[in-house]
Amino acid sequence: MEFIYELIILAFLFAAGCVIGWGIEVVYRRFTHKMWINPGFLVGPYLPLYGFGLTVLYLLAGLEELIPIENDTVRKLTLFALMAVTMTLIELAAGEIFIIRMHIKLWDYSDNKWNFKGVICPKYSFFWALLGAAYYFLIHPHILSALHWFSHNLLFSFVIGFFYGVFVIDLCYSFKAVEKIKKFAAENEMVIRYEELKKYIKKTSEERKEKYRFMLAFRSETSISEHLKQYLEKQREQRNMHKLNDFIERKIKKNN
């Protein structure tokens with residue numbers, strides 16, 4: 011019975027993490043990219059990375075007593091560092107799987123210092139540590155009491171069942187919808203920056219005065235195949251421009 015109860019907790023945390031994480035990322039992108047972009051691979055308002063993250067934070071917080079450090083402050087700092095490392099590894103695994111299997115880069119940290127393949131970097135590992143600390147102090151102490159209340163409410167079963175039902179349907183739809191992108195990327199031997207493609211579609215849709223769908227970004231009046239061809243041309247133009255700029259800089263340095 012205790013095992014089933016623990017599974018219910020993890021199922022609830024995964025669902026909550028997916029939705030809350032999606033909200034955080036939408037707001038974050040609004041301020042950093044100056045536009046509303048639906049983040050992540052799926053259509054709906056959830057990000058599995060944060061769902062896995064919240065369940066991992068819950069499990070790690072429960073292991074705090076096993077850390078062999080007597081000083082309470084140092085032990086907590088060690089716990090937050092462990093949370094950051096674990097979340098970074100999850101981020102690395104997810105990023106690598108999509109790059110290798112789908113030829114898609116869901117996020118890109120290439121502009122950040124000391125990044126690894128544009129998938130992880132110290133800056134965002136630090137943010138994971140902050141999120142871990144926020145979870146530990148603000149959420150973890152109240153999880154069991156909150157879940158006890160939810161589990162005695164019929165609405166809980168409906169919400170959890172509805173979430174996972176829609177989530178599974180979304181997974182099937184999203185993997186099927188992205189097949190064209192995967193095929194195009196493989197044929198052109200490239201990795202497509204998923205979010206950059208979404209921003210490109212949004213921008214071109216606005217320029218053409220076409221309807222843009224926040225959730226269904228790839229279902230625009232222009233076909234996804236046409237968007238991909240234009241996106242590839244833009245990437246090639248940018249690469250050629252970078253090469254030209256590098257050549258000019260080398261020339262200037264050589265002459266100086």
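Just so we're aligned: 152 in our numbering is position 142 of the sequence shown, and the numbers increase by one with no gaps anywhere. For every residue, glycine included, the Cβ atom is placed at its ideal position computed from N, Cα and C. Since we're looking at a predicted model, the values are computed, not measured.
Worksheet item: Which residue or residues does DSSP assign as beta-bridge partners of Lys115?
Response: Arg203
Practice prompt. Just the C-alpha distance for Glu231 and His237, rounded to the nearest angstrom, thanks.
Written response: 10 angstroms
Worksheet item: Can you round the beta-carbon distance between Val53 and Leu226 to whole angstroms, since I take them to be within the 8 angstroms contact cut?
Response: 6 angstroms
Worksheet item: From Gln245, Glu217, Glu216 and Gly171, pick the residue whose C-alpha is nearest to that of Phe24; which is it?
Response: Gly171
Practice prompt. Pick helix, strand or coil for Ile14, following the three-state DSSP scheme.
Written response: helix
Discussion item. Measuring only the C-alpha atoms, how far is Gly27 from Glu101?
Written reply: Near 15 angstroms, if we compare the C-alpha coordinates of Glu101 and Gly27.
Worksheet item: If you run the structure through DSSP and keep just helix, strand and coil, what is Phe136?
Response: It is helical.
Worksheet item: Who are the near neighbours of Thr88 in its chain, counting only those whose CB is closer than 7 angstroms to its CB and skipping five residues on each side?
Response: Ile77 and Ile79
Item to complete: Reducing DSSP to helix, strand and coil, say where Phe51 ends up.
Response: coil
Discussion item. Looking at Lys208: is its Cβ nearer than 7 angstroms to the Cβ of Ile47?
Written reply: yes
Practice prompt. Answer yes or no: do Ile153 and Lys190 have a C-beta to C-beta separation smaller than 7 angstroms?
Written response: No. Outside cutoff.
Worksheet item: Exposed or buried, which one is Leu267 when buried takes at least 16 other CB atoms within 10 Å?
Response: Outside the shown range of the chain, which is 11 to 266, sits residue 267, and nothing can be said about it.
Worksheet item: If we call anything under 7 angstroms between Cβ atoms a contact, is Asp118 one with Arg246?
Response: No, Cβ-Cβ distance for Asp118 and Arg246 is not below 7 angstroms.
Item to complete: Below 8 angstroms on the Cβ atoms is my guess for Ala139 versus Ala94; work out the distance and round it to an integer in Å.
Response: Taking a contact as a CB-CB distance under 8 angstroms, the pair Ala139 and Ala94 counts as one, their CB atoms being some 4 angstroms apart.
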